[in-house]
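Here this note's numbering = 1-based position in the sequence shown + 191.
Even for Gly, the Cβ is constructed at its ideal location relative to N, Cα and C.
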Amino acid sequence: MQIALAAVDGIFDSGLSALLDVLGTANAVRLQGDEPPPFTTTVIGAGTEVRTGNGLTLATVPVGELPHRPDLLLMPATGFKAPDGVLAAVRSPANAWAVELSGRLAEAGTPVGAACTGTFFLAEAGALDRLRATTSWWLGPFFRTRYPGVLLDDSRTLVQDGLATTAGAAFAHIDLALWVVRRHSPELADTVARYLLIGDRPSQAAFAVPTLLAQADPTMAAFERWVRARLTDPPPLAEAARALGVGERTLQRTARAVLGMTPLAFVQEVRLDQATYLLRTTSLSAEAIATRVGYRNVGTLRALVRRKRGTTLDALRQGGSGAD
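Have a look at this one:
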């Protein structure tokens, strides 16, 4: 499989190297035989070199000199940036080639993939229109506003739909690379995962911070503060809407548009966030913590943790996974 990795100036160093390392490991540990290595990777750029986010110089093959159409195009992330910086990188004339290439290959039927901020290049090119996709959780509200035609599910670490595969926050480049290997051979992917100690991370939800998500919109930021001030016994949403000076339907629509969830689901995220904080910083019992975050029955909190985080209260307290 011929894989092209598109590199722009400021590329996230570990994102690119994770893709190269996982694919290179797959070539190294495959069952030896007469067949050639399954993956040939070519790092392409606008010219003969790019400078990474940490200032390293990397040799690249100019996109115009790519000797063949790749079987797969992967778009690693740019370096860590605020939302406005991500958009500036995507819309930079110096990076227009990456957007154009993504759109052209996707339209021609070539599979494309990206992780973290790299997903913005695919979205800008229209390669994700009407498809399910994910991105880094903290960029979710900005992505959703910028690209309403994409069916964003930023609770997932990896989403494959049609010819496009997207991965979440920065180190989800590992998941993206392992997905490429798994397409070729599930057995080889399992071997690579064991060699590199790659875990199974189906969701970003456990890492999403409600306060950061809400900052994307003034109404949501005010709603988040309102909820936290009343966690012990939260009043109805109608009262929240009145306190914020908006209609209840407006609150519902804004939560959906900005956060991709209902106000009630966001309240649950705030409760889980606070419960996790109390579990890790106090010796309060699970029953006492449940009461402090608005649940009269600890069983309700336990069920919510299992459903939303795929873990248990004891595991959250220990900072890992396990059973109550």
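Under 8 Å Cβ to Cβ from residue i, same chain only, skipping five residues before and after it: list those, please.
| i | result |
| --- | --- |
| Q149 | Residue 149 lies beyond the range of the chain shown here (192 to 515); nothing can be said about it. |
| T472 | none |
For residue i and residue j, which I take to be in contact (beta-carbon distance under 8 Å), what is that distance rounded to the nearest angstrom?
| i | j | result |
| --- | --- | --- |
| F333 | A314 | Actually they are not in contact, since the Cβ atoms of F333 and A314 sit about 11 Å apart, beyond 8 Å. |
| F203 | P267 | 6 Å |
| R447 | T453 | 7 Å |
Using the C-alpha atoms, what's the distance from residue j back to residue i?
| i | j | result |
| --- | --- | --- |
| L296 | R462 | 44 Å |
| A299 | T348 | 26 Å |
| L435 | F414 | 7 Å |
| T410 | T243 | 37 Å |
| S485 | C307 | In the sequence as presented, Ser is not what sits at residue 485; that position holds Gly. Distance between the alpha carbons of G485 and C307: 34 Å. |
| L263 | V303 | 6 Å |
| S512 | A407 | The predicted model places S512 with a pLDDT of 42, which falls under 50 and marks its position as unreliable; any figure quoted below should be read in that light. Computed Cα separation, rounded: 31 Å. |
| R323 | Q351 | 7 Å |
| L504 | A477 | 7 Å |
| R444 | A432 | 12 Å |
| E291 | V281 | 11 Å |
| R373 | S208 | 19 Å |
| A412 | S283 | 30 Å |
| G359 | A396 | 11 Å |
| A380 | W370 | 8 Å |
| L404 | W329 | 6 Å |
| Y468 | R493 | 15 Å |
Sort out for me which residues DSSP pairs residue i with in a bridge.
| i | result |
| --- | --- |
| Q351 | T356 |
| S394 | R347 |
| Q193 | T231 |
| R323 | L342 |
| G317 | According to DSSP, G317 bridges with nothing at all. |
By Cβ distance, which residues of its chain are closer than 7 Å to residue i, with the 5 residues on each side in sequence left out?
| i | result |
| --- | --- |
| G451 | G331, R335, L343, D345 |
| N218 | P228, P229, F230 |
| T534 | With the chain covering 192 to 515 only, the question about residue 534 has no answer from this structure. |
| A368 | A209, L210, V213, L214 |
With a threshold of 6 Å on Cβ separation, who are the neighbours of residue i within its own chain once the five nearest residues in sequence on each side are excluded?
| i | result |
| --- | --- |
| A305 | M266, L313, T357 |
| G270 | G201, F203, G244 |
| A316 | V290, S293, G294 |
| R508 | L470 |
Any alpha helix (DSSP H) of 4 or more consecutive residues that is wholly inside the stretch 405 to 489: 409 to 419, 428 to 435, 439 to 450, 454 to 472, 477 to 483
Whole runs of the alpha helix (DSSP H) within the stretch 230 to 290, excluding any shorter than 4 residues: 274 to 282
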